[in-house]
Structure formats: C-alpha cells, structure tokens
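Structure first, commentary second.
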Amino acid sequence: MTVIEGSTALVTGGRRGLGRAFVEELLARGARKVYATARIPDTSEDPRIEVPALDVTDDASVAALAMRAVDVDLVVNNAGVLHPEPLLSADLARVRDTFETNVIGPLRIAQAFAPVLAARGGGALVDIHSVLSWGAGAGAYGASKAALWSLTNSLRLELAAQHTQVVGVHLGFADTEMVAAVDVDKLPPAAVARAVLDGVERGEHEVLVDDLARSLKAALSGPVGNLTLPFRR
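Each residue of the sequence shown is one higher than the last, beginning at 309 in my numbering.
Here it is in structure tokens:
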C-alpha cells in the first residue's frame, strides 16, 4: 500500500491527456509535488507541479531526470505512442519506435528510479497497459503493450525485495487526443486516474479499470480466437 498524501510523484507524459488527469488527481489526494514530464519543458502556475524535460527513448534524458528527482515516491509510466497499422504492412521503423517508446522507455524509467524508490522506502511503480495487451488486432501498439505487461510482471518480482509496489493497469480507451479517431465508447481520463490511484492506495498489483478490461482478462483462459477485440471492423 502506498500513501499518496504528502508524497512526491512522477508522471511521464504528464502535460496532456491521461497524464494530466493523473497529475490533477495526485494533487487532489494531497501529493506534495508532482513532476509532470514533457518532451519540451514548460512551466506551471501551480507551484506543486514541476515540468522537466524527458524523452523516454533517450538514456541521458532519463538519467538526468533521475538525478534531479531524487525525492520521488511514486512513478507513473504513462508516456506512449500509438501506431496501429497492420503488422504485415507496417513501416518497421515505426514498429521499432513503438517498442522503443512503449516498452524500453518504461524499462529505462524503472531502472533509473528503482534506487530512488528504494531510498524512499519502496514507493510504487505504475505501468499503464491496455486491453490491447490481450486483444488481437492492434498491430505494433498491441504487441508493445503485451510486452509491457510481461515486463511489469517481472519487475514486480525483482522490486519486491525493496518493497516497491508494482501496479499494472489495463483499460479500454480513455478520451484523449491519442485515440480521438477511434470510434468507440471512451472513459473520462479523470475517472481512470481515480480508479488507478484507488488501487495504488489499496495496495493492489493490478487494476482493471473497466468492463472491457475485465472481460478480456477473463477471456485469457479460453480459446485464443476469443481474444479478438469486439470493436474491430
């Protein structure tokens, strides 16, 4: 269980979309400070928010942030990219970019901030997955989220000795700019952030935000053909 009130948090991609909702909900729960990262840093009118530069695909950028943010108790790995082209026709450069950002990026953050969290007593690491981790039909994006799910499960074991709570999050689609063109029902980002942080404070290791996530998780025990997403045309 991680206490948010009085803590310092880091949210990658924290200036828009779901990341912004996490920042707002963390502050509403009494976080003392939040690092809301962006590729291009800016300033915030709220003195509790710092906006450092971060490129999760760059080793030096991640290392510099870890040297600066030595007071972090909670890390939310939220930054990601979406390239949903079919795998057989996808540009391999975009596939590599997807995995570099969505898989290697969170691992870079975990490696850099594990010592910081250990020094703070353990804290928490939250990785944002997707129902697309389990459902076929989302190209490189879905494959990258499946890889991140596996990575998170391994990190949970590796970080247990330092008492770090590792939380994997699965949800359908939050109503953000990244999925604006996807014609499905979408969750309010604020509702997602509330559900995830409720889980963090309850000490959970996995948060299934919505019915779609719960149904896909249940389908994992059945025939593989049942893992095609229901909205796929």
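In this text, a Cβ means the ideal position worked out from N, Cα and C, and glycines have one as well.
Euclidean distance between Cα positions of residue i and residue j
i	j	result
S452	F421	21 Å
R337	R328	14 Å
P496	V504	13 Å
S441	V319	21 Å
L465	V508	17 Å
A368	A361	11 Å
M427	L373	The question names Met, but residue 427 is Ala in the sequence shown. Their Cα atoms are separated by approximately 16 Å.
S315	L456	26 Å
A488	A387	With a pLDDT of only 49 at A488, under the threshold of 50, the placement of this residue in the model should not be trusted, and no figure is reported.
T460	G533	25 Å
Q419	V370	10 Å
E333	K341	12 Å
A454	G511	23 Å
T345	V359	5 Å
For residue i, three-class secondary structure by DSSP
i	result
V370	helix
V359	coil
G321	coil
E393	coil
L514	It should be pointed out that residue 514 corresponds to Glu in this sequence rather than to Leu. If DSSP states are grouped into helix, strand and coil, E514 belongs with the strands.
I412	helix
R350	Before going on, a small fix: residue 350 reads as Asp here, not Arg. If DSSP states are grouped into helix, strand and coil, D350 belongs with coil.
G312	According to the sequence displayed, residue 312 carries Ile and not Gly. Correct three-state label for I312: coil.
T406	helix
L382	strand
V434	strand
L528	coil
N534	helix
G507	helix
D327	Here the sequence assigns Gly to residue 327, which means Asp is not the residue at that position. G327 falls in the helix class under three-state DSSP.
Top-ranked residue by Cα proximity to residue i, from the options
i	options	result
H437	S529, V515, R464	V515
A498	V370, L382, G325, A401	G325
A339	I357, A448, L400	I357
S462	G450, R502, V411	V411
P394	L467, A444, A468, D379	A444
T536	V517, A446, H471, S529	A446
Anticipated Cβ contact below 8 Å, residue i with residue j, distance rounded
i	j	result
D363	R347	6 Å
V500	V434	Not quite, the Cβ-Cβ distance comes to about 12 Å (not below 8 Å), so this is no contact.
A401	A448	About 11 Å separates the two Cβ atoms, so there is no contact after all.
G430	Q473	7 Å
G413	T365	6 Å
A432	T310	4 Å
V380	V424	5 Å
L382	I312	7 Å
- Query: For the 8 Å Cβ check, are there 3 or more pairs between the segment 401–414 and the segment 339–354?
  - Reply: In short, these stretches do not touch, since the Cβ pair count stays below three.
- Should the segment 519–532 be regarded as contacting the segment 463–480, the criterion being three or more beta carbon pairs within less than 8 Å? A contact exists between the segment 519–532 and the segment 463–480.
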